[in-house]
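S.K.: Sending over a structure as structure tokens; questions will come in a sec.
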Amino acid sequence: MAQPPHDFTEPVFSLDPIEYTADMLPPGMVFDANGRCLIDNYLIPKALHGRLPDDSHVRDAITECVDIYAVRPEALPFPNRQRREPRAPEFDPVIWGYFFAKRPAAAAAGLGAGGGGGEGSEGDTRDVAAGGCWRRSCNEKAYVGEDGEVYAFRNKFTFHEPAAEGDGELTPWRMKEFCLDEAAPTFRDVTFHPSAKDLVILKIYHEADIPEEEPDVEYYTDDNDDYYDFEEVTAGDVISVPAARAA
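So the sequence shown is numbered by my numbering: it starts at 3 and just counts up by one.
Written out as structure tokens, the structure reads:
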């Protein structure tokens, strides 16, 4: 049997953490995470440590230091990779992006554990300085931890044009807000980072229009942020929450 040269050495694979950025993703790949991924791998570490861990995360996937409520959604800095041209002229482009932000004080004060107001949705309207407003559009969704207790929430919003009275014209812009219930048993013995107060992750996206004259078929989009989740959770719908004290 042939033997390797005496000076031959086997390759050594590094086990050091790799810091990924969006530009390092191969062509054709984009960052489009579901709600559970955003909460467990981005929001919780950021809330606990004030930063993301240096392993297996796309470091710049979630934009920081942008005042979401200062500008209209079309003026936000969306990554070029997260813009898909329409398949036909009658369709609008698909655009999406993720942002770390602070929940407005009025929305965070006394509107339920998740800051969403429980069953009511009319109470959470967020004005945009450049014109228009975000209006909450559905009941909040709860995420249940391994202890059977709720530890995070998701709320949905729609963007409306300015109006002298009434809701204003509905636009194709949508927003999902993911926030933690810091009083949950999961976080009982945890000290949050000082910057974590009212910290949320927002997914803001442009929902592609479907022409009214199209045939009656069902369209599937990438709007499903929780592929394996139920819309209504119970104590039996148990998922795993990452260790809160992990560095």
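Just so you know, even glycine gets a beta-carbon here, dropped at the ideal spot from N, CA and C.
(1) Of the residues 34, 33, 46, which one's Cα is nearest the Cα of residue 153?
(2) Along the chain, where does the alpha helix (DSSP H) containing residue 38 start, and where does it finish?
(3) Please say whether residue 104 and residue 192 have beta carbons closer to each other than 9 Å?
(4) Using the beta-carbon count (16 or more within 10 Å), is residue 26 buried or exposed?
(5) On the criterion of 16 or more Cβ atoms from any shown chain inside 10 Å, does residue 188 qualify as buried, or is it exposed?
(6) According to DSSP, is residue 83 part of a helix, a strand, or is it coil?
(7) For the alpha helix (DSSP H) that contains residue 49, what are its first and last residues?
(8) Short of 7 Å in beta carbon distance, which residues of its chain neighbour residue 123, apart from the five on each side in sequence? Order them along the chain.
(9) Return the CA-CA distance between residue 100 and residue 167, expressed in angstroms with no decimal places.
(10) At the level of alpha carbons, what is the spacing between residue 106 and residue 200?
(11) The beta strand (DSSP E) spanning residue 150 covers which residue range?
(12) For a test of the three-state rule: what should DSSP assign to residue 99, helix, strand or coil?
(13) Would you kindly work out how many angstroms separate the C-alpha atoms of residue 74 and residue 50, rounded to a whole number?
M.R.: By the coordinates alone:
(1) Within the sequence shown, the letter at position 151 stands for residue 153. Checked all of 34, 33, 46; the closest Cα to residue 153 is 46.
(2) Within the sequence shown, residue 38 is the residue found at index 36, counting from 1. Run containing residue 38: 37–40, per the alpha helix (DSSP H) assignment.
(3) The sequence position of residue 192 within the sequence shown is 190, counting from 1. The sequence position of residue 104 within the sequence shown is 102, counting from 1. No.
(4) Position 24 of the sequence shown, counted from the start, is the residue given in the question as residue 26. That one is exposed.
(5) Along the sequence shown, one-based indexing puts residue 188 at 186. Per the 10 Å Cβ criterion, buried.
(6) In the sequence shown, the residue the question calls residue 83 occupies position 81. In the structure shown, residue 83 sits in a helix (DSSP, three-state: H, G or I).
(7) Position 47 of the sequence shown, counted from the start, is the residue given in the question as residue 49. Start and end: 46–51.
(8) On the sequence shown, residue 123 is found 121 positions in, with the first residue counted as 1. Residue confidence is low: residue 123 scores 48 on pLDDT, short of 50, so the model does not pin down where it sits. Its coordinate-derived value is still stated next. These residues qualify, in order along the chain: 138, 139, 140, 141.
(9) For this step, residue 100 is matched to residue 98 along the sequence shown. For this step, residue 167 is matched to residue 165 along the sequence shown. Roughly 31 Å between the two C-alpha positions.
(10) Counting from one through the sequence shown, the residue named residue 106 turns up at place 104. Counting from one through the sequence shown, the residue named residue 200 turns up at place 198. C-alpha separation (whole angstroms): 8 Å.
(11) Residue mapping note: residue 150 aligns to position 148 of the sequence shown, counting from 1. It is not in any beta strand (DSSP E) - residue 150 carries neither H nor E in the DSSP assignment.
(12) Counted from its first residue, the sequence shown places residue 99 at position 97. Strand at residue 99.
(13) In the sequence shown, counting from the first residue as 1, residue 74 sits at position 72. In the sequence shown, counting from the first residue as 1, residue 50 sits at position 48. If I take the Cα positions, the gap works out to 30 Å.
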